[in-house]
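Enquirer:
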Amino acid sequence: MKNANPRQYYRILGIQPGASPAEIKKAYRKLVKTWHPDGFPHNRLQQKRAEEKLKQINEAYEALQNGKTVAADAPPPKRKVDPEPFYQRGIEYARRDLYKQAIYELTKAILIDPDYVDAYLYRGFIYDKLGQGLRAEKDFNKATKLKLRETNQTYQPRNPSPNVSKADRAPKKKSPWICAGTLHKHNDVVSSIAMSPDGAVFASGSYDGTITLWQLSTGRVLYTLSGHLDRVHCVAISPDNRTVASGSSDKTVKLWKLKSGSEIRTCGGWFHGHSDRVLCVAFSPNKKKLASGSADRTVKLWQVSTGKQIRTLSGYSAPIAAIAISSDGKLFASGGLDKALRVREMSGRLIRSIRGKTEILALAFSPDGQQVAIGGGDGRIKLWDWQKGREICTLEGHRDRAISLAFSPDGETLISGSEDSTIKIWNWQEEREICTLTEHRDRVCALAFSPKGNVFVSGSADKTVKVWWKNESS
1 MKNANPRQYY RILGIQPGAS PAEIKKAYRK LVKTWHPDGF PHNRLQQKRA EEKLKQINEA
61 YEALQNGKTV AADAPPPKRK VDPEPFYQRG IEYARRDLYK QAIYELTKAI LIDPDYVDAY
121 LYRGFIYDKL GQGLRAEKDF NKATKLKLRE TNQTYQPRNP SPNVSKADRA PKKKSPWICA
181 GTLHKHNDVV SSIAMSPDGA VFASGSYDGT ITLWQLSTGR VLYTLSGHLD RVHCVAISPD
241 NRTVASGSSD KTVKLWKLKS GSEIRTCGGW FHGHSDRVLC VAFSPNKKKL ASGSADRTVK
301 LWQVSTGKQI RTLSGYSAPI AAIAISSDGK LFASGGLDKA LRVREMSGRL IRSIRGKTEI
361 LALAFSPDGQ QVAIGGGDGR IKLWDWQKGR EICTLEGHRD RAISLAFSPD GETLISGSED
421 STIKIWNWQE EREICTLTEH RDRVCALAFS PKGNVFVSGS ADKTVKVWWK NESS
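Reminder that position 16 of the sequence shown reads as 16 in the UniProt record's numbering, one-by-one numbering, no gaps.
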């Protein structure tokens with residue numbers, strides 16, 4: 001099609017001769033989405049046809065953008081070269097494992113537009129896949145800086161002090177946290193998030209019955225774990241970076257290999273294990289034990305190496321919604337709809353029981369193990385000195401139930417997710433809300449910090465996973 005009549009280019013894009021640049025670009029983008037080969041994963045013949053069609057679409061778009069119009073009697077005005085065809089060709093080459101050509105095309109896109117965030121990200125993915133870590137990191141850092149520069153997010157506390165006037169509150173600040181990316185993979189509620197100890201990988205569990213393993217630095221899907229027969233409510237990653245645990249409405253706990261995504265074994269089933277949906281799981285720091293809580297009103301302890309049930313703890317009067325294990329591995333806390341916080345030794349011996357006024361929907365031990373944070377059905381977050389049985393403080397601000405919690409690794413920051421669709425960042429020692437993040441469109445079910453504390457991940461009933469970066473310039 002090298003010597004095609006310019007009218008042919010317009011016909012390929014389905015537009016009238018003389019269409020504006022904006023109309024050309026709109027038609028091009030629509031056709032690229034329609035004819036991208038990735039849209040036909042199970043039809044090789046259709047894939048081949050799509051590749052040829054996409055080649056024609058790219059050529060037509062590039063020709064029209066460069067000024068090859070039907071007006072032969074007037075010299076075309078010079079147009080700025082559009083980087084998008086180079087970007088699309090780069091993606092296509094990468095899909096066919098032609099990484100050298102992909103890098104070449106993506107680099108051309110970046111040379112045309114030095115602020116092309118997606119081109120940096122995709123080239124970074126390729127470098128990472130090829131084992132060129134320094135180049136990958138450079139591209140990812142550049143993309144992050146561009147996102148930060150483009151972000152004009154501002155924030156104000158949802159509940160500012162009544163003594164502060166509107167004029168005093170007028171100067172808005174940049175948000176201390178920026179949403180660096182939104183990941184779409186699940187087709188139902190994202191119920192749980194777990195971070196690997198080295199911060200390289202995180203897991204997300206969903207009501208769609210799957211667990212997805214993601215690379216944190218790139219947002220790339222590593223594996224999709226399928227095996228549960230019903231909703232996945234909870235996930236955890238072992239301290240040795242080897243094993244993923246998941247709990248489901250199918251009443252089982254499954255163990256998976258983190259490095260390959262393959263299933264190791266199933267704990268429980270029809271004749272043993274939990275008799276109702278498994279709502280929470282947690283590994284002990286020595287990686288030998290796993291605790292699970294269920295709607296059957298029991299907590300079970302499992303031996304990780306064999307999948308055998310070690311002990312069943314009963315006496316609860318309602319479903320167990322949350323479990324947390326202290327960083328030294330000596331204790332675990334459990335709570336649920338019976339409104340009681342119970343702290344036990346890993347042997348199961350009860351040390352402390354604290355009864356509250358509302359159901360416990362989320363739990364988190366502080367890194368030093370001295371405090372336990374509780375997310376409640378009243379939207380409040382309470383922090384307890386569990387050894388003394390004394391409430392330290394109450395954090396108020398959510399307009400609906402608080403259902404997810406996470407401490408930063410240094411213990412100074414607490415983040416909370418709620419059914420009001422917001423994430424709140426707290427300085428809990430000062431009993432102060434730092435900011436509210438409102439990007440999710442439905443309840444925030446899960447939160448997890450990276451080991452360095454400069455990144456956290458959230459999962460929501462809006463079916464998305466969001467990755468948040470600390471804004472060092474705020």
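For glycine and all other residues, C-beta sits at the position ideal for the given N, C-alpha and C. From a predicted model like this one, the values you see are computed outputs, not experimental measurements.
Do you know how far the Cα of Y9 is from the Cα of E59?
Expert: If I take the Cα positions, the gap works out to 8 Å.
Enquirer: If we call anything under 9 Å between Cβ atoms a contact, is L356 one with A340?
Expert: First, the residue type needs correcting, since residue 356 is Gly and not Leu in the sequence shown. It is a contact, given that the beta carbons lie within the stated cut-off.
Enquirer: Is the distance from the Cβ of I193 to the Cβ of G453 below 9 Å?
Expert: Taking 9 Å as the Cβ cut-off, I193 and G453 do not qualify as a contacting pair.
Enquirer: Go through its chain and collect everything with a Cβ distance to T266's Cβ below 6 Å, but skip five positions before and after it.
Expert: If we look at T266 and ignore the five residues flanking it on each side, its Cβ neighbours are T252, K254.
Enquirer: Just list the residues that DSSP pairs N427 with in beta bridges.
Expert: For N427, which the question treats as bridged, DSSP gives the partners T413, R432.
Enquirer: Please report the distance separating the alpha-carbon of L111 from that of R123.
Expert: Approximately 13 Å, taken between the alpha carbons.
Enquirer: Taking Cβ to Cβ, would you say L414 is nearer than 9 Å to I381?
Expert: Yes, the pair counts as a contact, with Cβ atoms nearer than the cut-off.
Enquirer: Note down the Cα distance separating D188 from D462, rounded to an integer number of angstroms.
Expert: So the two alpha carbons sit approximately 8 Å from each other.
Enquirer: Could you please give the first and the last residue of the uninterrupted alpha helix (DSSP H) stretch that includes W35?
Expert: W35 -> alpha helix (DSSP H) spans 21-35.
Enquirer: If you draw a straight line from the alpha carbon of P17 to that of T107, how long is it in whole angstroms?
Expert: Those two C-alpha atoms are separated by around 32 Å.
Enquirer: In whole angstroms, give me the CA-to-CA distance for A184 and I351.
Expert: For the sequence presented, residue 184 should be read as His rather than Ala. Their Cα atoms are separated by approximately 42 Å.
Enquirer: Can you tell which of A180, S305, T298, T358 has its C-alpha closest to the C-alpha of F456?
Expert: When only C-alpha atoms are compared, the closest one is A180.
Enquirer: Any idea what DSSP makes of E52, helix, strand or coil?
Expert: In the structure shown, E52 sits in a helix (DSSP, three-state: H, G or I).
Enquirer: Tell me which residue opens and which closes the alpha helix (DSSP H) that G124 is part of.
Expert: First-last of the alpha helix (DSSP H) with G124: 117-129.
Enquirer: To which residues does DSSP link Q371 through a beta bridge?
Expert: Its beta-bridge partners are D385.
Enquirer: For G199, verify whether its CB is less than 8 Å away from any heavy atom of the ligand HEM.
Expert: This structure simply doesn't include the ligand HEM, nor any ligand for that matter.
Enquirer: Go ahead and label R277 buried or exposed: buried means 16 or more other beta carbons lie within 10 angstroms of its beta carbon, across all protein chains shown.
Expert: The residue in question, R277, is buried, as its Cβ has 16 or more Cβ neighbours within 10 Å.
Enquirer: Just reading off the beta strand (DSSP E) that Q215 is part of, what are its end residues?
Expert: Looking at the DSSP string, the run of the beta strand (DSSP E) that includes Q215 is 210-215.
Enquirer: Could you tell me the boundaries of the beta strand (DSSP E) in which K254 lies?
Expert: Where K254 is concerned, the enclosing beta strand (DSSP E) stretches over 253-257.
Enquirer: Please state if the CB of L229 and the CB of G209 are separated by a distance shorter than 9 Å.
Expert: A contact, by the Cβ cut-off of 9 Å.
Enquirer: What are the uninterrupted segments assigned as beta strand (DSSP E) that are 3 or more residues long and contained completely in the segment 435-473, given in chain order?
Expert: Segments of the beta strand (DSSP E) lying fully in the segment 435-473: 444-449, 455-460, 464-470.
Enquirer: Considering only residues of the same chain and omitting the five flanking positions on each side of A282, which have a CB-CB separation below 6 Å?
Expert: Counting only Cβ-Cβ distances below 6 Å, and skipping sequence neighbours, we find A236, A291, I323, I325.
Enquirer: Rounded to the nearest angstrom, what separates S249 and D442 at their Cα positions?
Expert: The straight-line gap from Cα to Cα measures roughly 21 Å.
Enquirer: Based on the DSSP secondary-structure assignment, which residues constitute the bridge partners of A282?
Expert: Paired residues: A291.
Enquirer: If you follow the beta strand (DSSP E) that F40 is in, where does it begin and where does it stop?
Expert: Segment: none, F40 is in no beta strand (DSSP E) and carries neither H nor E.
Enquirer: Assuming V299 and G293 form a contact by the criterion Cβ under 8 Å, report the distance between their Cβ atoms to the nearest whole angstrom.
Expert: The Cβ separation is near 5 Å, so the contact holds.
Enquirer: Can you tell me where the beta strand (DSSP E) with I320 in it begins and where it stops?
Expert: Taken as a continuous stretch (DSSP letters only), the beta strand (DSSP E) holding I320 covers 320-325.
Enquirer: Pull up the distance between the alpha-carbon of L225 and that of F125, whole angstroms please.
Expert: Their Cα atoms are separated by approximately 22 Å.
Enquirer: Given this structure, state the Cα-to-Cα distance separating I403 from I360, to the nearest angstrom.
Expert: Rounded to the nearest angstrom, the two C-alpha atoms are 8 Å apart.
Enquirer: Helix, strand or coil: which one does DSSP assign to G181?
Expert: Here G181 sits in strand by DSSP.
Enquirer: Would DSSP call G329 helix, strand or coil?
Expert: Coil, per DSSP.
Enquirer: Tell me the DSSP secondary structure of A245 in three-state form.
Expert: Of the three classes helix, strand and coil, the one that applies to A245 here is strand, per DSSP.
Enquirer: Which of the three DSSP states, helix, strand or coil, is assigned to T107?
Expert: DSSP places T107 in helix when its eight states are reduced to three.
Enquirer: Three-state secondary structure (DSSP) at T266?
Expert: Strand.
Enquirer: Using a Cβ-Cβ cut-off of 6 Å (strictly less than) and excluding sequence neighbours within five positions of S196, which residues of its own chain qualify?
Expert: Once the five neighbours on either side are set aside, the close Cβ partners of S196 are I237, N241.
Enquirer: Tell me S418's beta-bridge partners as DSSP assigns them.
Expert: Looking at the DSSP assignment, S418 forms a beta bridge with A402.
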